[in-house]
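Here the structure comes first, spelled out in structure tokens, and everything after it is commentary.
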Amino acid sequence: MANTDLSSYTRALSCVLCQDRKIKCDRRSPCFNCVKAKVECMPGKQAPPRKRRRMADQLFDKLAHFEQQLDQFIASDPTLLANVSASLAQDSPRVDTPLPLSQSLSKPAGKMVQSEDGARYMDSHLGAAIHEELRAIRAMLETDASLGEETPPPSDDLYATGFLTGSLASFQPDTVQAFTLWQLFLDRVNPLTKVIHTPSVQPYITEEASRIGSIPLNYQALRFAIFTLASVSMSESESQQKIGCSRQDAIRDYTQGTEIALRELNVMKNFDMVALQALVLYLLSLRNRHGKDTSWILTGTALRMAIKMGYHRDGELLGLSPFETEMRRRIWWHIMLQDVIHTLTSSLSCSEIPVSWDCKMPQNLNDADLFPGSVDPLKPRETPTEMGFCLIGYQLAKSILSLECLRGTAGLEIATIWNTEDVAGNPVASSILQRYMEDLDALDQALLHIERRYVSTSAGKVHAAAISLRRILVSKGREMMTPMMEQPERGTEIFTVQDNLFKILIIKNEMIAGFDEAMDSAGFLWYAKFQFQRGNFAVMTSRLQQKPVGCLADRAWRAVEAVYKFHTELFDMSDRPSMAQAYITLKSWQARREATGSSQTPDYINQLQLCWDCFNLPISNLDLTTPQTGDLNQLSRDNLETNWTLLGNLDPGREPYTGDVLIEGEKITAVGQIPNKAELERGPVIRVLEGRGGTLMSGLGDDHSHFTWNDGDLNRLGELNVEEHVLLTIKSAQCFLDSGYTMCFGAAAAKDRLDVVVRDAVNAGDIPGPRYLANSREIAKPEGELVAGITRFADGPQEMRDAIKYNIETIGVDNVKLSISGEEITEIRSAQDCYFSDEEIIACVDEAHKRGKRVCAHARARDSVKMCVKHGVDVIYHGSYVDDEGMKMVERDKDKNIVVPAINWLYATTYEADAFGYTYEAAEKAGYKRELDIAVAGDYGFAWTPHGTYARDLEHFVRMLGFTPHESIVAAIAGVAALMMRGHELGKIQPGYYADCILVDGDPLEDISILEDDDKLNVIIMNGRVHKAGRKEYIRDMSGSLSTGIPHHLTEDFPEKRPAMQKSY
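Structural data, given as structure tokens:
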């Protein structure tokens, strides 16, 4: 883990080319864009010196007294100053008269706040307080990590000056893509928006590509807006699979197409319903691509265009047709809903629209009930329709707009968040709070009324999403309206306004997390992500540095975990806001770990740390790893193992000792002397296994695993039918476990999804196997194929990126494999040839690391090893022809990458492959004999390195490389646990570690070769469940003699030890 002092860290600048072209620079030297353009990469121009803000220690002092600043806003009212002492923070006497406070509660709120781009106004003092904290956080980031916000490049949106280049035809999808995107829109977007009449629009969507030019310009704009939102609704893997391009590229192209069409329409002066529909959908697609204030302004523009077109007046009053009336209502209320959302997130009040309006809410109708040109009155349905979700949203907007007390007063915030003793006893504050509670009850009833009439879970997933809205909003709303003096944590965790503000932020983020979960289960996560407020999340996680423990901290961390679960974009360290948020989160977790003393680290924190490390970013004094104080692993569900020789700690000088091990569930809970052992042994659900002096140690690990290799002719591997190949892969997984291996790092698969499918089946408990990080087909250049039919081809940096993204996003791999050099056993590809360019490796590593995945590479050639080290490949396989310079590079960067030359493969290829057609002379000529001096481990599944012989590497370490048996076991356990990023919970027989362990009949420290004999592995336990055991392990040893009976409950699901199968299949 990075532990670099940040005082020596200098923020890299974008190069001159990237600055001039206003594109993202990866800040390497040379950067990818300059390499691609084949120009010299020159350092960028130094930005003007920033005004340094306070240092971190000053910032924390400021935060400690922030209550004083928050409470003092009441003193900003001159009438209040006359009656309240100048500073509440100076313990002034309480003011008994409520009159000035009453005036403050009822008069308009408002506050000016400073930002990087000038002053701005906010109605909400809560929003202003959060804004000030964000400014303080940015100051800390600039001082502590040089991660302050950069000025974004100029926008190319519809309202920017200048014009986009390109024709509409250049952005058009083909007919198949258009149909795919249209179907996505109908499934994922239209149920949430309902601003178009799908039967009327569909003919323009499905038009053949050759006739696109005949489509009217307004419908072309609508087409592109629909395609943009459909692209936004997809994940990266879906985009690659469904339309054959990256999600980012699709959004960019279709957004530009929309903007060009709207500009050609002169949309600001074009009063056409289709053009307004296109604009509304276009603005929705821009959410999260602009700041919240910009989104509010742009939505306001659409609102005023709708007013200019008369949409604020109901169509019935204007004598319009039923069809047009209903469509105008849908568009108007969609705009109103978006305006309300943007207004509240901008910390402004929902003020009156500057004109009177009487547009009715849309009716409960399906699109099929509407017919253009029909004059017959429409009869709304009394059963659920397509409008369910939208009607809930429209009612929410209507209720918010009807709340007079939301319009520009600070009453609710004073009555709840700033509910000090002065406020709590004020009758005006109580009256305002009561009004709000009544308004919330009215909203609950109004939404419930719509649910009962028009919403049903049986009507589809969008209705399930609609039902979740009321539950989440009302329950969290009531909790936020609880005054500070009445909070259940008052006097234990809430003492000041600052503490209460922390709880409000927790509730807000819990609301977002709940909405994310509900929308994700319904298939609309893309829409939920629009509601995520990074500022609230950043302030809450920053507060966790000062509040690492407690009930509120526990709630906050559960919210943090939920946010990272659904917002995977926060793991992208190439995005500066995500990078800054990662810094805050990791620092706060460090504070929590130090405060609790816990060694357990959640998976998302590990992944976040990996993403941070992969981006080569330092974090001062931040180390989330668990100190290596022991070694080896665990046992089973409510099992008591007695009379074991425990090889549980492999530190130098630590000898094995006799003791007992208690396993509860999946983990070890006690080692050595077990409290209440006699009572536990009598328990009806405790299974007792006798060790009889055998050696209990952690399951072994392999860092170069090929589950899909066939122990035979690799040239026929690609020809194997998928059905037989699945069975072979399942057998390989079981074979590893039968051989005592509980951890495997996938090094490539023969078919796309074989590794992933078997990994998931093992994790689900459907089949036996080790813990596994899955891979897919190795990625190679067309001229670098090693084995026919098992390779994914890519040529050039972009194709490499696409292949990496496909493997990660679509297939779901844990690692990606590159085949960079040749292989002598193919007899057509020299192992000294290197096929990849620097640019291609840079692209692969960057694309994988952005997604938190690691890259491994087949690299025998001299140059291939150097390129791997230089560009950050995580695992380097073989390294056959590395020269002295390359060895020095490997030694220098040994903490950043792992070299795995595969010792048994080398030995067997040299001395044991003759029977399979590869002679000793050929191996010696290829240089494999030379390699034995530096080989490390792995690579089974060839004819001469069959599955089931994995432990031969351990003996080779001892006999050929001079390792002690102890050191050999450490390499096979602790090293692989670290490679799997789980050294804190795998690889040790210690409390808190997962119970993955083996009982060896003998002492491997005396004879390492016994680990190769499956008959010597008397017990194998995986994840706390017994995989293999014999009767003698079940039978209790009573005072030196064996009992004659085995209780039924001990044998019912404990099979007799099975004969080894791996050497026969």
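Each residue of the sequence shown is one higher than the one before, counting from 1 in the UniProt record's numbering. Backbone N, C-alpha and C define an ideal beta-carbon position, used for all residues, glycine too. Please read all numbers here as calculations on a predicted model, not as lab measurements.
Between the C-alpha atoms of V1019 and P946 there is a straight-line separation of about 23 Å.
Taking 7 Å as the cut-off, the Cβ atoms of A861 and C834 count as close. Burial is judged here by how many other beta carbons sit within 10 angstroms of a residue's own beta carbon; M511 has at least 16 and is buried. For E778, the beta-bridge partners assigned by DSSP are T791. Only exposed fits G491, as fewer than 16 other CB atoms lie within 10 angstroms of its CB. With fewer than 16 neighbouring CB atoms inside 10 Å of its own CB, Q183 falls in the exposed class.
Non-local beta-carbon contacts of K36 in its own chain, meaning distances under 6 Å to residues more than five positions away in sequence, are absent.
A748 and C856 have their C-alpha atoms some 9 Å from each other.
In the three-state DSSP reduction, S732 falls in the helix class (H, G or I). Per DSSP, reduced to three states, the secondary structure at T180 is helical.
R1025: member of the beta strand (DSSP E) spanning 1025–1028, first to last residue. Within the model, the alpha-carbon separation for K870 versus D884 is close to 15 Å. The three-state reading of DSSP puts C856 in strand, counting E and B together. Considering only F224, G319, A559, the residue with the shortest C-alpha distance to Y282 is F224. L1017 is bridged by DSSP to V1000. With distances taken between CA atoms, V758 lies nearest to L728 out of Y741, L728, M887, S29. If you draw a straight line from the Cα of P548 to the Cα of F537, it comes to about 16 Å. Bounds of the beta strand (DSSP E) holding K817 are 815–819. In the three-state DSSP reduction, R771 falls in the strand class (E or B). Counting only residues of its own chain and dropping the five nearest sequence neighbours on each side, I1010 has a CB closer than 7 Å to the CB of V1000, G1002, P1004, K1016. Our two residues, R576 and E561, have alpha carbons roughly 20 Å apart in a direct line. Residue state for C41 is assigned as coil, using DSSP reduced to three classes. Straight-line spacing of the CA atoms in S599 and L680 works out to 27 Å. In this structure, G514 is the residue among G514, A553, K587 with its C-alpha nearest to the C-alpha of H567. Per DSSP, R801 is not a residue of any beta strand (DSSP E); the alpha helix (DSSP H) it occupies stretches across 797–805.
Under DSSP, A368 shares a beta bridge with no residue. Your pair I331 and L276 checks out as a contact, with CB atoms roughly 6 Å apart and the cut at 8 Å. In the DSSP annotation of this structure, the continuous segment of the beta strand (DSSP E) that includes K667 starts and ends at 667–672.
Listed in chain order, the alpha helix (DSSP H) runs fully inside the stretch 239–322 are 247–265, 273–285, 292–308, counting runs of at least 4 residues. Between A733 and I767, the beta carbon gap of about 7 Å places them in contact (Cβ cut-off 8 Å). According to the DSSP secondary-structure assignment, E561 is paired through a beta bridge with no residue. Looking at the DSSP output, G701 shares a beta bridge with M743.
The continuous beta strand (DSSP E) containing S830 extends over residues 829–834.
Bounds of the alpha helix (DSSP H) holding I472 are 461–480. In this structure, G1024 is the residue among M960, G1024, D1013 with its C-alpha nearest to the C-alpha of L986.
Nearest in C-alpha terms to P30, of all of V274, D20, M887, V16, is V16.
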